[in-house]
Amino acid sequence: MPAPTGSSNDAAAIVAITQSLLDAIFRGDWAAYTQICADDITAIEPEGRGHLIEGLPFHQTYFPAKPRNPKTDSLPTVTISSPHVRVMGDAAVIAYVRLVQSRDSQGSVTVSATEETRVWQRVAGDWKHVHFHRSPIA
722 MPAPTGSSND AAAIVAITQS LLDAIFRGDW AAYTQICADD ITAIEPEGRG HLIEGLPFHQ
782 TYFPAKPRNP KTDSLPTVTI SSPHVRVMGD AAVIAYVRLV QSRDSQGSVT VSATEETRVW
842 QRVAGDWKHV HFHRSPIA
């Protein structure tokens, strides 16, 4: 297997921006999400029911009209577990398990997990999210 390429700074940046992306998703922050994602993002995810999703409009359906306020709204804890990053020049791939911990209305903690792979492209010096594949863990 070839050795990963790119700097450890790039790998750390990919983990950090992936966490920022997940935070934007769970806050329901459409403005932050669209800043991080490419307009022509593609996705393979359960909500697509076997279809390749292209572009941002499909994803906007899942965002609330107003972002959640972490000071007043109960937000889940989202953890990137066991990330593996491969940087190849101006492209990068991160694969990991996303753990989501939340409390139900009775205060019990629930945990869900998904396997995710995200592809990033450096555009004009900034990393843009260009593709992802997400699968639930049964």
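To convert, take the position in the sequence shown, counting from 1, and add 721; that gives the working numbering. Just so it is clear, CB atoms sit at the ideal spot from N, CA and C, and this is done for glycine as well.
Residue range of the beta strand (DSSP E) that includes residue i
i, result
"Arg819", "812-824"
"Pro804", "798-809"
Range of the contiguous alpha helix (DSSP H) that encloses residue i
i, result
"Asp744", "729-748"
"His850", "Here His850 belongs to no alpha helix (DSSP H); instead the beta strand (DSSP E) covers 847-857."
"Gln781", "778-781"
DSSP-derived helix/strand/coil call for residue i
i, result
"Pro788", "coil"
"Glu766", "coil"
"Gln827", "coil"
"Gln842", "strand"
Rounded straight-line distance, which links the Cα of residue j to that of residue i
i, j, result
"Trp751", "Val736", "20 Å"
"Tyr817", "Glu768", "19 Å"
"Ala724", "Gln842", "Below a pLDDT of 50, predicted positions are generally treated as unreliable, and Ala724, at 45, falls in that range; the measurement from the model is reported next regardless. Answer to the nearest angstrom: the Cα atoms are 19 Å apart."
"Asp794", "His772", "33 Å"
"Lys849", "Ser803", "22 Å"
"Asp731", "Gly810", "9 Å"
"Glu766", "Val844", "24 Å"
"Arg839", "Thr831", "25 Å"
"Thr755", "Asp744", "13 Å"
"Leu796", "Gln740", "14 Å"
"Gly749", "Ala734", "22 Å"
"Asp847", "Gly776", "19 Å"
"His852", "Ile815", "11 Å"
"Ala856", "Thr798", "Per the sequence shown, residue 856 should be read as Ser rather than Ala. Rounded to whole angstroms, Ser856 to Thr798 spans 19 Å at the Cα level."
"Ile801", "Arg819", "5 Å"
Buried/exposed call for residue i, threshold 16 Cβ in 10 Å
i, result
"Ala813", "buried"
"Tyr783", "exposed"
"Val806", "buried"
"Glu837", "buried"
"Arg770", "exposed"
"Ile757", "buried"
"Arg824", "exposed"
For residue j and residue i, believed in contact at Cβ under 8 Å, the rounded distance
i, j, result
"Ala759", "Ile774", "About 13 Å; that fails the 8 Å criterion."
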